[in-house]
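Okay, structure first, notes after.
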Ligand SMILES: Cc1cc2nc3c(=O)[nH]c(=O)nc-3n(C[C@H](O)[C@H](O)[C@H](O)COP(=O)(O)OP(=O)(O)OC[C@H]3O[C@@H](n4cnc5c(N)ncnc54)[C@H](O)[C@@H]3O)c2cc1C
């Protein structure tokens, strides 16, 4: 198997041969984690990043002079504690600032539901809406945590490449037996029952208040393209809990300096172990010889070889852009073409002269809005927000996740001023009508108007505003179709089916080519688990 660039064609191009053991394509957090582990194990590692900065979807950018924003991802509680320790991230500048409450959910009638880390305190809050729900909440969280504990074990094991189960897979899966035995097999039976459920059905079994259900359900659909009545959305709630250090269903906590400080600490850690990182270096091609990846070619024509190549970018780019699909099994090509991306989120960043007054927060506003302010007042609101997306239309009553990180980190804005970042759902990447230039203004107004319903003085606080459309998420941040996790985490795209059936163990049909991004098991979020798991598999191959 040979790729687009033959040896002969390469003559004349600048070549760097045998200087590196491993090339990592993409300096998102997973690429950096992989580089860190491999360099720590003594390998010569080169990371190549297309953008002018490292971090991928976890970056800090200054959109207005003096105002710094986590451009896309903002909640930091998913980062694996093992990765933090193994790569000494605190020594390299990582500081995670806790946020409590987790969620402040204002209601149109001026009331609010607040979800705190403390389960009893939250139950007391829920009692405002339903005594029965208040009584059910602690048990719900207990069950959620039990299910998630099982999932957390699975997250850290490469799933077997079904149907070809090897002995090594069986040994790995033994790690799964003890926690399952501790919990009891009835829990496993329950997990199998609830995972495929729509989150709406699951919450209907537990709660009666539409407010309580809406507030919890929103967390379950925050990183996927679907609405709460879609099959498998319950899974997302358990996944969030399984990767989150707060053991709850919503990512929380912020990185001091914004998410870019997290990926900077990863880059510094990797460099401290000897890895090299080159930004402004776009990979055009994975160079192959006889079915083996032998290096990469940059868009400027430079060739760099290595014993192994690791793609930290999504599957579509890796296999349909870097490699001529002609050289791949057509069944695999078909699988990759069929990966569902279909992003439905936008981001809006505001520079604020002062804090808006959320009516429902009253005098406690500073504390109540210091976590996530969630505009998804009820389950029906959430479902209606999703409905238009099915037809390529945007939601006119969107679900918003609002963060004001300057409430926990004043270094992000000039003194006395604030940054506000909003994740907006649902705005489909595949628009039925209109264009993205026009949509930029539409999204800006829509979000401003929606926030103003809950904070009437909002517009007067706004100094400036930047809209990141789903198309920008693809064009600028290199996430195809604006999907936040390199392919939706639907039930047919997780575990041994992530990224595609037969290749769940970070290996690929091309020898010496590995994967480590959110496209791999266990999926998306700034967890670093994909990078950690994949480096283990790569090290086996490098021996
Ligand atoms: C709007 C939004 C909000 C989110 N919120 C959260 C949140 O609050 N908490 C959370 O945990 N997760 C969140 N996520 C999800 C999370 O950000 C991602 O799942 C995660 O960052 C993916 O990391 P990664 O390293 O796998 O890939 P990426 O971060 O996508 O990194 C891939 C890298 O490869 C580079 N690249 C691409 N093509 C090339 C090329 N040809 N040559 C060289 N380099 C290339 C890219 O520029 C990028 O740097 C959010 C995502 C989005 C979009």
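In our numbering, the protein residues as written are 9 to 551.
C-beta: ideal position from N, C-alpha, C; glycine also.
Proximity test, residue i beta-carbon vs ligand 1 heavy atom, cut-off 8 Å
| i | result |
| --- | --- |
| residue 529 | no |
| residue 322 | yes |
| residue 535 | yes |
| residue 125 | no |
| residue 481 | yes |
| residue 39 | yes |
| residue 485 | yes |
| residue 296 | no |
| residue 330 | yes |
| residue 428 | no |
| residue 477 | no |
| residue 545 | no |
| residue 492 | yes |
| residue 412 | no |
| residue 33 | yes |
| residue 66 | yes |
| residue 265 | no |
| residue 317 | no |
| residue 259 | yes |
Minimum C-alpha distance to residue i - residue among the options
| i | options | result |
| --- | --- | --- |
| residue 123 | 212, 414, 68 and 377 | 377 |
| residue 117 | 503, 463 and 497 | 463 |
| residue 318 | 42, 25, 37 and 26 | 42 |
| residue 168 | 438, 201, 513 and 405 | 513 |
| residue 32 | 247, 340, 336 and 285 | 285 |
| residue 35 | 516, 52, 403 and 321 | 321 |
| residue 238 | 98, 264, 223 and 209 | 209 |
| residue 323 | 125, 272, 548 and 496 | 496 |
| residue 282 | 247, 50 and 534 | 50 |
| residue 280 | 548, 45, 533 and 144 | 45 |
| residue 549 | 540, 533, 528 and 519 | 519 |
| residue 170 | 524, 521, 508 and 241 | 508 |
| residue 154 | 130, 499 and 247 | 247 |
| residue 299 | 205, 144, 106 and 516 | 516 |
| residue 414 | 522, 542 and 358 | 358 |
| residue 251 | 156, 337 and 193 | 156 |
| residue 542 | 523, 535 and 193 | 523 |
Paired residues, beta bridge with residue i - DSSP
| i | result |
| --- | --- |
| residue 473 | 358 |
| residue 433 | 353 and 407 |
| residue 366 | In DSSP, residue 366 forms no bridge with anything. |
| residue 75 | 72 |
| residue 150 | Looking at the DSSP assignment, residue 150 forms no beta bridge with any residue, so it has no partner. |
| residue 427 | 359 |
| residue 263 | 104 |
| residue 301 | 296 |
| residue 23 | 311 |
| residue 31 | 54 and 317 |
Collapsed DSSP secondary structure at residue i in the structure displayed
| i | result |
| --- | --- |
| residue 138 | coil |
| residue 381 | strand |
| residue 519 | strand |
| residue 111 | strand |
| residue 63 | strand |
| residue 128 | helix |
| residue 172 | coil |
| residue 313 | strand |
| residue 547 | helix |
| residue 524 | coil |
| residue 346 | coil |
| residue 398 | helix |
| residue 296 | strand |
| residue 37 | helix |
| residue 201 | helix |
| residue 15 | Any reading at residue 15 must be qualified, since the residue scores a pLDDT of 45, below 50, and its modelled position is unreliable; no value is offered. |
| residue 511 | coil |
| residue 162 | helix |
| residue 177 | helix |
| residue 120 | strand |
| residue 10 | Confidence in residue 10 is poor, its pLDDT being 48 and thus under 50, which makes the residue's placement unreliable; the coordinate value appears in the next sentence. Correct three-state label for residue 10: coil. |
| residue 83 | coil |
| residue 485 | coil |
| residue 536 | coil |
Assumed close pair residue i, residue j - CB separation to whole angstroms, cut-off 8 Å
| i | j | result |
| --- | --- | --- |
| residue 328 | residue 469 | About 45 Å separates the two Cβ atoms, so there is no contact after all. |
| residue 438 | residue 400 | 6 Å |
| residue 277 | residue 95 | 4 Å |
| residue 353 | residue 432 | 6 Å |
Residue i: CB within 8 Å of a non-hydrogen atom of ligand 2
| i | result |
| --- | --- |
| residue 80 | No copy of ligand 2 appears in this structure; the ligands present are ligand 1. |
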